[in-house]
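A.B. asks:
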Amino acid sequence: MKILIIEDEIDLCDVMKSFLEGEKYIVETANDYASGFAKLANYDYDCVLLDIMLPGGTGMQLLAELRTLGKDDSIIIVSAKDSVEDKVEGLELGADDYLAKPFHLAELLARIKTVIRRRNHHGEQAIQFKDVKLFPEERKVLIGTEEVQLNRKEYDLLYYFMIRPEKLITKTSLAEAVWGDDADQSDNLDFIYSQIKNLRRKLKNNQAEVDFQAVYGIGYKLV
């Protein structure tokens with residue numbers, strides 16, 4: 096799962112990034128309006144942590160731009176401005192939640208989990224497709240009643256497919272969602288094939304009812 100932090104307080108941004116990476120999220124950052132808008136316009140995120148006061152513009156303007164673009168990334172406004180008016184404006188513009196500074200990182204994590212669960216799996220604690228069941232908050236995978244051990248990238252790949260069953264996912268989309276900024280440093284996307292191959296083997300070894308269908312030159316779908 097991929098998170099974008101748009102925050103101009105560098106120390107706070109670094110603290111949130113380090114904490115969320117420790118919770119197994121892929122985290123990208125932007126420290127001003129322009130870089131935040133560029134990332135929002137070009138990439139998709141499971142959750143965006145958005146400050147209101149930014150160099151070059153405001154978080155409210157970014158939120159309005161995001162909705163104008165027709166994107167539905169989950170947004171949590173994280174701001175020192177704690178007035179009722181700001182909260183109402185943010186929520187009316189389409190924010191999913193509003194967290195006032197200062198805050199505990201544990202509360203931030205709980206808010207992120209809630210908005211992602213609400214967005215990606217309709218508030219349910221688990222996601223299921225055929226006989227495969229994922230528990231996102233525990234990062235646990237069951238095939239039937241047996242738990243399957245996956246490494247971090249294998250789990251993130253499976254999660255991405257499980258919330259989009261039977262939909263064709265391009266290699267580029269997979270790279271951006273599961274590897275984030277690191278994908279830009281690769282000359283090609285062959286590493287996706289290796290991860291899919293390993294994940295497919297583990298599913299087959301556990302007699303899962305699901306499998307990956309490759310669409311040559313484009314990507315994969317979970318069927």
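Counting in this note's numbering, the sequence shown runs from 96 upward without gaps.
In this text, a Cβ means the ideal position worked out from N, Cα and C, and glycines have one as well.
Which residue or residues does DSSP assign as beta-bridge partners of residue 264?
C.D. replies: 315
A.B. asks: Out of curiosity, what's the CA-to-CA distance linking residue 261 and residue 275?
C.D. replies: Approximately 23 Å, taken between the alpha carbons.
A.B. asks: Taking the DSSP output, what are the residues bridged to residue 152?
C.D. replies: 149
A.B. asks: Report yes if the CB atom of residue 158 is closer than 8 Å to the CB atom of residue 188, and no otherwise.
C.D. replies: yes
A.B. asks: Nearest to residue 117 by alpha carbon, out of 102, 98, 126?
C.D. replies: Of the candidates 102, 98, 126, the one whose C-alpha sits nearest the C-alpha of residue 117 is 98.
A.B. asks: When you compare only the Cα positions, how much space is there between residue 199 and residue 239?
C.D. replies: 37 Å
A.B. asks: Please look up how many angstroms separate the CB atoms of residue 305 and residue 225, rounded, as I've assumed it's under 8 Å.
C.D. replies: That belief holds up - the Cβ atoms of residue 305 and residue 225 are roughly 5 Å apart, short of 8 Å.
A.B. asks: Per DSSP, what kind of secondary structure is residue 251 in: helix, strand or coil?
C.D. replies: helix
A.B. asks: Name the one or two DSSP bridge partners that residue 194 has.
C.D. replies: 173
A.B. asks: Bridge partners for residue 292 per DSSP, in chain order?
C.D. replies: Beta-bridge pairing links residue 292 to no other residue.
A.B. asks: Measuring CB to CB, does residue 101 end up less than 8 Å from residue 125?
C.D. replies: yes
A.B. asks: Buried or exposed: which applies to residue 242, given that a residue is buried once 16 or more other Cβ atoms fall within 10 Å of its Cβ?
C.D. replies: For residue 242, the number of other beta carbons within 10 angstroms of its own is below 16, and it is reported as exposed.
A.B. asks: Using the three-state DSSP reduction, which class does residue 304 fall into: helix, strand or coil?
C.D. replies: coil
A.B. asks: In terms of residue numbering, what span does the alpha helix (DSSP H) encompassing residue 184 cover?
C.D. replies: Unbroken alpha helix (DSSP H) run through residue 184: 179-187.
A.B. asks: For residue 272 and residue 220, I'd like the C-alpha separation in whole angstroms.
C.D. replies: Going by the C-alpha atoms only, they are around 21 Å apart.
A.B. asks: Give the single residue among 230, 160, 211 whose Cα lies nearest to the Cα of residue 129.
C.D. replies: 160
A.B. asks: Return helix, strand or coil for residue 116, following the three-state DSSP convention.
C.D. replies: helix
A.B. asks: Count the other CB atoms within 10 Å of the CB of residue 202; is the residue buried (16 or more) or exposed (fewer)?
C.D. replies: Exposed, because fewer than 16 other Cβ atoms sit within 10 Å of the Cβ of residue 202.
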